[in-house]
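Q: Before anything else, here's the structure in question.
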Ligand code: PSU
Ligand code: MN
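Numbering (the working numbering), first residue to last: 27 to 332.
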């Protein structure tokens with residue numbers, strides 16, 4: 027490996043790594059493709075603030091000028107947020123091309139896990155992970171996030187899987203890959219905008235300490251790969267189940283009619299759901315990210331004690 031050529035860690039994150047402070051990684055596709063400007067930038071900055079207030083160090087990750095950046099500056103976050111869809115959504119397969127071209131890229135859950143792992147960061151907070159799309163048994167549209175969870179040792183705190191996906195198939199895939207799905211204070215897997223999905227998590231965990239201990243046990247015995255930590259959206263920001271289910275069904279129907287495929291699917295559906303719900307889904311989306319950042323900070327704090 028010749029990492030030094032590509033990996034750039036900010037002074038704040040470098041210092042935190044050296045002094046074994048708790049660190050929480052953050053992705054950048056959620057900024058460029060997951061939310062509109064300016065809410066995307068406001069959210070990204072507030073998430074960092076929440077993590078600092080909780081006593082951990084945020085490390086937002088992206089590709090800029092052909093480098094893997096760990097710990098973006100405010101200006102860099104603003105740049106990615108303003109450029110939005112014009113920034114390349116970069117998952118595992120895109121990384122080598124963007125590095126070679128000295129380009130920019132917004133990292134997905136998969137590529138953020140890769141870069142976090144290279145930097146030595148074990149905890150990552152986001153909104154939702156990618157999964158098996160509805161009809162995935164025919165289209166094979168399965169997010170690279172799931173394969174990454176099967177091999178890269180980073181724990182991802184999310185609000186469960188969105189029902190733009192086939193949640194059942196997503197759980198089956200994760201089971202096959204040996205990825206534990208842990209529910210934070212819940213038996214049921216949350217479905218992003220709602221606290222319920224109709225599917226069970228593998229294990230309910232009651233505290234950040236229990237989660238950190240589980241992560242350590244997995245990696246102590248050399249079981250490489252990630253862990254999904256599903257944190258239900260706070261009750262007050264959860265959406266009405268029937269309303270959001272209908273909105274998502276309509277969005278999926280439109281994506282099929284329009285022939286939306288591949289990496290465009292997830293951003294299309296997110297934007298469509300926001301439009302159909304007249305922006306209500308965006309408010310829920312922002313709040314659940316804040317809640318995940320808080321839990322991820324607590325887990326990172328427990329992990330450094332072990
Ligand atoms: N789900 C969200 N918001 C997002 C994404 C997923 O609620 O922004 C992004 C994440 O970066 C995730 C990616 O890794 O979409 C998955 O895309 P794909 O299905 O093309 O792998
Ligand atoms: Mn896909």
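By construction, the Cβ of each residue, glycine as well, lies at the ideal position given by its N, Cα and C atoms.
Quickly, what does DSSP pair residue 159 with across the bridge? List them, please.
A: 191
Q: Please go through the stretch 86–117 and give each complete alpha helix (DSSP H) segment of 4 or more residues, from N-terminal end onward.
A: 100–109
Q: With distances taken from CA atoms, which of 313, 307, 80 and 141 is nearest residue 271?
A: 307
Q: Take residue 289 as the anchor and find which of 261, 100 and 111 has the nearest alpha-carbon.
A: Closest by alpha carbon: 111.
Q: Please name the residue in 209, 222 and 97 whose C-alpha comes closest to that of residue 78.
A: The alpha carbon of residue 78 has as its nearest neighbour, out of 209, 222 and 97, the alpha carbon of 97.
Q: Under the three-state reduction of DSSP, which class applies to residue 229: helix, strand or coil?
A: strand
Q: Which ranges would you report for the alpha helix (DSSP H) in the stretch 240–304 if only whole runs of at least 4 residues count?
A: 267–283 and 291–302
Q: Would you kindly report the start and end of the unbroken beta strand (DSSP E) that includes residue 210?
A: From DSSP, the beta strand (DSSP E) with residue 210 extends over 207–210.
Q: For residue 53, verify whether its CB is less than 7 Å away from any heavy atom of the ligand COA.
A: Ligands present in the displayed structure are limited to the ligand PSU and the ligand MN, and the ligand COA is not among them.
Q: Are there three or more Cβ pairs, one per stretch, closer than 8 Å when the stretch 236–243 is compared with the stretch 162–169?
A: no
Q: The alpha helix (DSSP H) with residue 35 in it runs from where to where?
A: Not the alpha helix (DSSP H): residue 35 falls in the beta strand (DSSP E), residues 33–35.
Q: For the ligand MN, is there any heavy atom lying closer than 7 Å to the beta carbon of residue 289?
A: Yes, since a heavy atom of the ligand MN falls inside the 7 Å radius drawn around the Cβ of residue 289.
Q: Where does residue 131 sit, in a helix, a strand or coil, going by DSSP?
A: strand
Q: Nearest-angstrom Cα distance between residue 34 and residue 93?
A: 7 Å
Q: Could you check whether the stretch 120–127 touches the stretch 183–190, counting it as contact only if at least three pairs of C-beta atoms, one from each stretch, sit closer than 8 Å?
A: The stretch 120–127 and the stretch 183–190 do not touch, with fewer than 3 CB-CB distances between them shorter than 8 Å.
Q: What is the residue span of the beta strand (DSSP E) that residue 332 lies within?
A: Premise fails: residue 332 is in no beta strand (DSSP E) and is neither H nor E.
Q: Which one or two residues does DSSP pair with residue 168 in a beta bridge?
A: 158
Q: Starting from the N-terminal side, write out each stretch of the alpha helix (DSSP H) that is 4 residues or longer and does not extend beyond the stretch 27–65.
A: 37–44 and 55–58
Q: So the candidates are 298, 291 and 171; which of them puts its Cα closest to the Cα of residue 200?
A: With distances taken between CA atoms, residue 200 lies nearest to 171 out of 298, 291 and 171.
Q: Quick one: Cα of residue 65 to Cα of residue 101, how far?
A: 15 Å
Q: Are the beta-carbon atoms of residue 320 and residue 261 separated by less than 8 Å?
A: no
Q: I want to check one thing, is the minimum distance from the CB of residue 155 to the heavy atoms of the ligand PSU below 7 Å?
A: yes
Q: Distance, Cα to Cα, residue 266 vs residue 61?
A: Roughly 21 Å between the two C-alpha positions.
Q: Do you know offhand how far residue 287's Cα is from residue 255's?
A: 28 Å
Q: Closest to residue 196 by CA distance: which of 180, 225 and 211 is it?
A: For the residues 180, 225 and 211, the minimum Cα distance to residue 196 belongs to 225.
Q: Assign residue 37 to buried or exposed, taking buried as 16 or more other Cβ atoms, counted over all protein chains shown, within 10 Å of its Cβ.
A: Residue 37 should be labelled exposed.
Q: Quick check: the Cα distance between residue 219 and residue 259, rounded to an integer number of angstroms?
A: Between residue 219 and residue 259, the C-alpha separation is close to 7 Å.
Q: Taking the Cβ atom as the reference point for each residue, do residue 189 and residue 113 lie within a distance shorter than 8 Å?
A: no
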